[in-house]
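Written out below as structure tokens is the structure these notes cover.
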Amino acid sequence: MRKPYYLLICIAIAFGCGDKDKFLFSQAETSLVVNPETKVLVKGNTLVYSRLDSGNIIHGISKTLVFATSDQFKTFDYKSSTLPTNITPFVIDKNIIITASGDVLTPAIQLSADYGNSWTSVTPTLTPAMSATGYYSTELVSVNYVNDTTVMMIFSQKSVSSADKRTLYRVNLSTQTGTVVSSFSDAWLPAAMKFADIQTGWMLMYNSGAYGTTYISKTADSGKTWTAPKVIDKNIMSNLQLSSNGVISASYPSGNAAFSSDSGVTWKKPTGGIRFTTVYRVNANVAYGISDSDLKKSTDGGSTWEHVPNSGYEFVNMKNIYFQDEDNGIMYADQKMYITADGGKTWKTLLYPYSYIIE
Amino acid sequence: MKGHINRYILWVFTLLIIQLSVKAQNAPTPPPPPKEKLAIDIDAGVAYPFGQDLSNVFKAGVNATIGIKRAFLKKRRLWIRPEGGIKYYTKKADLGQDMRETFRSWKAGLEIQYRVKDYKKFSFFPILRVDNNWCANQFSNLSKDQTTGTRLNEVPGNYLDATGISFDAGIMVVRAKSIYVKLDYEYFQPTLKASPDLIKALYTEGIIMPETRKLDCSTINLSVGVNLNFKQ
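Keeping their order, the protein sequence lines are chains A and B.
According to our numbering, the stretch in the first sequence is residues 6 to 364, in order.
According to our numbering, the stretch in the second sequence is residues 61 to 292, in order.
This is the structure we're talking about:
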């Protein structure tokens, strides 16, 4: 007669038991969003620059590594490479990365021609040498790679009592010498400089007597002469991006942007006063920008911008976007990187500091 | 809260069945075979997960069914029983806070019983059953608000849900035409659908969960029950 009660006891013991750390939903076969091996790229590291090349090859540099992948980080190559301590922004174009380090009056040019895998340091002998006498500040604003043997450097010097000065040096990497190409003592100071080739270059400038407006000046003779500064925008901009055929863009991080398709003669600015976290000009017509936690696209050279329909993506924290063409691009910041193949409508996570990555 | 009520109902129900069984066993002589063609079978018991997906999570569950059956053939060898029931699993879960996970299947189907052998007071019935199942996997919060002492809100909605067909085969041993023990194997592999909220929550943790997944929820069931004839 007691057997049914034994059965009941057995049921009571068994019922309610189970592994607290296993759940029915976790019995489903899941997969990870990112390759856990990317921990080496993400943990304790910060992305500095990355680009998407043809063949969907991604090259990038971080604080301590250089990396490349051709299959969206399913597999990837990486190598320890400490970035030089820089006194100018890193200027990166395809495989070339250039910056300057050391003393501003006798800077060392740090050049990598292989995406940051190896670096060459050149300390050119400047003729005449830079002198800080009479100036309360001297700044090396930009170092530009022009070709295998030529680098352009633009210095900015501020004076209390007399005119400010900007000096352009042309450095021969083979002879490790730098000679002055042009020097101007006036009210204009450089904010950024880019050379498209040995002859043609542009310089963003501002007027030290009327700070707050960005101007552009162009050279067509290797920097010997420059056009009169032309107003771009009533805001200071410090980013200068060159595309092909005189397609140039100027922007300020987290702010205004302006776009020219005729070598800087005329400029288009976004209607409605859109402020961008970052912008990227794909070609004369198409540009992408992140604004107000949203991806925007222009197809008319930067005048009008439309929301790219998408949802749930982390645009708010993205500091950089880079598009190989109108459809294929990446966006990244700090420890995160996403890729799109449909013009920003959908994004796939490539790098992200998930708990299984950073723990 | 709903999950706890279900659990208490099942316990009361099980105790009732056991008590009836004991009373029936205490009867001095087995009752005469019912002449009626209609009867009610009520049973309850334990379900041991046989499929790995379910056994990884729950060690055992309870099940209960009720159905009216009708006899066919001359010697009332064949009984067909439309029935409904429930299968219920529960356990504590650690999802960063104290939770209770439950997996519940409501069932409705048809059972076929065929009396193949009578031996002394016992009758042996191979059984076959087909059920449609409505399943839900839920989590409820066991944590209490430290200030009010009341239980925090339960996690809304189902984590997983599914409908699917299950197939049972087993044997029922009836004693003295009134109480019975049933042992059967239930083959059940529903395609469970994950809730969009769960998929989204896992994705934010860097985990991609498929929207649907077939899980092996097969079980071995051992039940005791009573056979209530309309007239005895």
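Even for Gly, the Cβ is constructed at its ideal location relative to N, Cα and C.
Look at residue 229(B) and residue 244(B) and say whether their C-beta atoms are less than 8 Å apart.
Yes, Cβ-Cβ distance for residue 229(B) and residue 244(B) is below 8 Å.
What first and last residue would you give for the alpha helix (DSSP H) that runs through residue 261(B)?
Per DSSP, residue 261(B) belongs to the alpha helix (DSSP H) from 256-264.
DSSP puts residue 170(B) in a beta bridge; with which residues?
Paired residues: 142(B) and 190(B).
Taking 8 Å as the threshold (beta carbon to beta carbon), is residue 236(B) in contact with chain A?
Answer no: the Cβ-Cβ gap between residue 236(B) and chain A never drops below 8 Å.
Just the chain B side, please: which residues come within less than 8 Å of residue 350(A) by C-beta, in chain order?
Here the premise fails: no neighbours, minimum Cβ distance about 18 Å.
So, are the CB atoms of residue 250(B) and residue 275(B) less than 8 Å apart?
The answer is yes: Cβ separation under 8 Å.
Buried or exposed for residue 265(B), going by 16 or more other Cβ atoms inside 10 Å?
By the neighbour-count rule (16 or more Cβ atoms within 10 Å), residue 265(B) is not buried but exposed.
Where do the ends of the beta strand (DSSP E) carrying residue 237(A) lie?
Taken as a continuous stretch (DSSP letters only), the beta strand (DSSP E) holding residue 237(A) covers 235-238.
What residue does the alpha helix (DSSP H) around residue 361(A) start on, and which one ends it?
Segment 360-363, the alpha helix (DSSP H) holding residue 361(A).
Beta-carbon separation of residue 152(B) and residue 27(A) under 8 Å?
No. Outside cutoff.
Beta-carbon within less than 6 Å of residue 254(A)'s beta-carbon, same chain only, minus the 5 sequence neighbours each way: which residues are those?
Same-chain partners within the cutoff: 246, 264 and 286.
With a cut-off of 8 Å, does the C-beta of residue 201(B) fall near any C-beta of chain A?
Not one chain A Cβ lies under 8 Å of residue 201(B).
DSSP on residue 78(A), reduced to helix/strand/coil?
Three-state result, residue 78(A): coil.
Just to make sure I have the definition right: I need the residues of chain B whose C-beta is within less than 8 Å of the C-beta of residue 34(A). Which are they?
Ordered by position in chain B, the residues that pass the 8 Å Cβ test against residue 34(A) are 270 and 273.
Have a look at residue 128(B) and residue 254(B) and give me their C-alpha separation to the nearest angstrom.
Residue 128(B) and residue 254(B): Cα-Cα distance of roughly 35 Å.
Check each candidate in 266(A), 235(A), 240(A) and 171(A) and name the one with the smallest Cα separation from residue 228(A).
It is 171(A).
If I follow the unbroken alpha helix (DSSP H) through residue 45(A), where does it start and stop?
Note, residue 45(A): alpha helix (DSSP H), 44-47.
Could you tell me the alpha carbon to alpha carbon distance between residue 354(A) and residue 284(B), rounded to whole angstroms?
Roughly 54 Å between the two C-alpha positions.
Is it buried or exposed, residue 248(B), if we count other Cβ atoms within 10 angstroms and call 16 or more buried?
Classification of residue 248(B): buried, given that the 10 Å Cβ count is 16 or more.
Could you say which of 161(A), 182(A), 118(A) and 149(A) lies nearest to residue 201(A) if we only look at CA atoms?
Closest option to residue 201(A), Cα to Cα, is 149(A).
Assuming residue 242(A) contacts residue 256(A) under a Cβ cut-off of 8 Å, what Cβ separation, rounded to an integer in Å, is found between them?
Confirmed, about 6 Å.
Alpha carbon to alpha carbon, how far is residue 281(B) from residue 148(B)?
Cα to Cα, residue 281(B) sits roughly 12 Å from residue 148(B).
If we call anything under 8 Å between Cβ atoms a contact, is residue 317(A) one with residue 331(A)?
No, Cβ-Cβ distance for residue 317(A) and residue 331(A) is not below 8 Å.
Inspect the beta-carbon positions of residue 125(B) and residue 145(B) and report whether they are closer than 8 Å.
It is a contact, given that the beta carbons lie within the stated cut-off.
Could you round the C-beta distance between residue 258(B) and residue 78(A) to whole angstroms and report it? I think they count as a contact, below 8 Å.
Residue 258(B) to residue 78(A), Cβ: 26 Å. No contact.
Indicate the three-state DSSP secondary structure (helix, strand or coil) for residue 246(A) in the structure shown.
Here residue 246(A) sits in strand by DSSP.
Counting only beta-carbon separations shorter than 8 Å, does residue 118(B) have a partner in chain A?
Closer than 8 Å to some Cβ of chain A, the Cβ of residue 118(B) qualifies, so yes.
Can you check whether the C-beta of residue 39(A) is within less than 8 Å of a C-beta belonging to chain B?
Yes - at least one Cβ of chain B is within 8 Å of the one on residue 39(A).
Taking the alpha helix (DSSP H) that residue 113(B) belongs to, which residues open and close that run?
112-115 is the extent of the alpha helix (DSSP H) around residue 113(B).
What first and last residue would you give for the beta strand (DSSP E) that runs through residue 135(A)?
Element bounds for residue 135(A): n/a, residue is neither H nor E.
Tell me which same chain residues have a C-beta within less than 6 Å of the C-beta of residue 90(B), skipping the five on either side of it?
Model confidence at residue 90(B) stands at a pLDDT of 45, short of 50, so the residue's coordinates are unreliable and nothing is read from them.
Is the stretch 54-73 of chain A in contact with the stretch 129-139 of chain B, if contact means three or more CB pairs nearer than 8 Å?
Verdict: no, contact absent.
I'd like the list of long-range same chain contacts for residue 89(A), defined as Cβ closer than 7 Å, with 5 residues on each side in sequence excluded.
So the list reads 104, 106, 115 and 124, once near-sequence residues are dropped.
Taking 8 Å as the CB-CB limit, is residue 219(B) close to chain A?
Residue 219(B) counts as touching chain A.
Roughly how many angstroms separate the alpha carbons of residue 364(A) and residue 242(B), rounded to a whole number?
So the two alpha carbons sit approximately 51 Å from each other.
Taking Cβ-Cβ distances shorter than 8 Å, what residues in chain B pair up with residue 25(A)?
Those are 151, 152, 153 and 154, listed as they occur along chain B.
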